[in-house]
Every structure is written in C-alpha cells, then in structure tokens.
Amino acid sequence: MEIKQNMQVAIDGPASAGKSTVAKIIANKLSFVYIDTGAMYRACTVIAKRHGIDYGDEEKILQAINEDGIELKSENGEQKVYSAGEDISLEIRTPEISANVSQVSALPKIRKKMVDLQRKMAGEVSVIMDGRDIGTTVLPNAEVKIFLIASARSRAERRMLDFKERGIKTDQTVEEIEADIAERDYKDSHRKISPLKKAKDAIEIDTTNMTIDEVVNEILMKIQRKEKSLKK
Ligand code: DC
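Heads up, our numbering is the position in the sequence shown plus 913, with the first residue counted as 1.
See below:
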C-alpha cells in the first residue's frame, strides 16, 4: 500500500493495548517513520536511575537528560533506544523502570522537553507516533487519530507474553502485572498535564477480542479513507 500524501497518524491508549505492535507493522507497510514516545519517557527514567537521581527531582533529571541525550534508532527493522552512546532498549522495559515511569513522565519540564523533541522528529516526514497524548497535545493536527483500548486482564496477558519474547525474566504473576497496569492507567489518566485522554476526533478501537491483523487492517482502512478524502 502506498500513501503519497504526507501524513501524521496518532495512536494513543493505555499501557499494553497493542499500540506499539500495530504502529510498527503499519509504519513498515506504509514506509512511515515510527516514533515510540513511551520509550522516550522510559529512557528519561533510566537516566534518572543511572545518575542516582530521585524520580521526583525534575531539575536534576532534566539536566541529566540534556547531558546524556535520548536517541531512537531503527536497526534491522527494530527500534532501539540509546542514551549516552549506550543501547538501553532492554533496560527501559524492566519492572523497576515500568514502576517509576509514571512519576517521571508526570514532571512538567520533562514532558515539555519530550514533546518538543517528538514534534521535531515528526518534522516534515510521514509519521506514526504512539503514546498517551499524541492526538490531544503532541500532534493535534494529525490526519488520523486512533484510541486503542483493551481490558486490563488481556493487556496483562499480552505484557507477560512480551516479557517472554524479549527474554526478560519476571517473578510477577499475571494478576500482579494486571494490578500494576491498573495502577499505571490510573496515574496516567489523573495527572495534571496531558493526561491519557481520547482526543475528540479520535476513533476508538477495543482490541480485547481482535487479532493484531484485524486491528492493523482497520487502521490501514482509516488511513486510506483519509488519504482519499484529502485528495478531493
Ligand atoms: O507506552 P509505555 O507503556 O511504554 O509508556 C510508558 C509510560 O510513559 C506510561 O506509563 C505513560 C508515559 N507516557 C506518557 O506520559 N506520554 C506518552 N506520550 C507516552 C508514554
């Protein structure tokens, strides 16, 4: 499938709703640049941890981010996250980082820094960006906005599978992961700045009982339809 028009696609939704999985597939199919904004907030959390900075110390974390930098790279079709020249792609997914990323991502100056970076990365190319506030804040003019949801249980099962596939060992049960996800949803939806929220013009898709292919195809159809309407 070829999309000739430059386009921005925003995919928002709670943790483990399938955003990054479908966004990556769609980016490959359409040759769009994929930007995983959750990975960027996770990288901020890794930087805080590595510098031994308190997860609530906005100024020090910001300074450390400015020193170390955060880079998203595509290597052999895989998304990699680098900071201070080191590949931190595995570390950003560890339970300690998952448990503290909501606190770091709620810090206003960190959010401003990340949103500026994300807008810069979106620049003049066609992008598919996933996160929590893409349709509402980062790319309010995105041509296609999708809001993916799924039950907390099915999201916990997906996360467990994801750990296995990535070779990350966990002592957590599915129930514990489900409780963590519910807690993170609550924090992400109730923070003051850019909370997780469906944009008015976003299309909601409940993926609980859908396969990845079904979700991908539904979004591809919406993108195609949008392109046709833009040509008119
Ligand atoms: O999508 P994820 O689980 O990797 O995101 C990690 C955390 O980052 C999540 O708890 C909320 C935060 N986040 C955010 O606040 N805004 C975004 N655009 C993306 C993620």
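Even for Gly, the Cβ is constructed at its ideal location relative to N, Cα and C.
- Relative to the ligand DC, the beta carbon of Y954 is positioned inside 7 Å of a heavy atom.
- Remark: C-beta atoms of A1063 and A1095 do not approach each other more closely than 8 Å.
- Residue state for S1102 is assigned as helix, using DSSP reduced to three classes.
- Using a 10 angstroms sphere on the CB of I1125, the tally of other CB atoms stays under 16, which defines it as exposed.
- The residue from H964, G982, K1025, N1122 with its alpha-carbon nearest to that of V1051 is K1025.
- Under a 10 Å Cβ-count criterion, S929 is classified as buried, with 16 or more other Cβ atoms of the shown protein chains found around its own Cβ.
- Short note on A928: C-beta closer than 7 Å to some heavy atom of the ligand DC.
- Between V1014 and R955, the C-beta spacing is below 8 Å.
- Check the Cα spacing between V946 and each of K1144, K986, S1102: the tightest is with K986.
- The beta carbons of R1072 and I1047 sit about 21 Å from each other, so the pair does not count as a contact at 8 Å.
- Counting C-beta pairs with one atom in each stretch, the segment 1075-1094 and the segment 1027-1035 have fewer than three that are closer than 8 Å, which means they do not touch.
- Distance from the Cα of I1023 is smallest, within the candidate group K1110, Y995, I978, for I978.
- Segment contact: the segment 957-973 against the segment 923-938, fewer than three CB-CB distances shorter than 8 Å; contact not assigned.
- By the 16-neighbour rule on beta-carbons within 10 angstroms, I983 is buried.
- Fully contained in the segment 1019-1090 are the following alpha helix (DSSP H) runs of length 4 or more, in chain order: 1021-1035, 1065-1079.
- Boundaries of the beta strand (DSSP E) harbouring K993: 991-996, taken from the DSSP string.
- When DSSP assignments are scanned along the segment 950-1005, the uninterrupted stretches of beta strand (DSSP E) that are 3 or more residues long and fall wholly within it turn out to be 984-988, 991-996.
- Our two residues, A936 and A1012, have alpha carbons roughly 24 Å apart in a direct line.
- Taking 7 Å as the cut-off, the C-beta of S1064 does not count as close to any heavy atom of the ligand DC.
- Comparing alpha carbon positions, the residue from N1130, S1002, N989, M953 closest to G1080 is S1002.
- When R1068, D1101, V994 are compared, the shortest CA-CA separation from M953 is found for V994.
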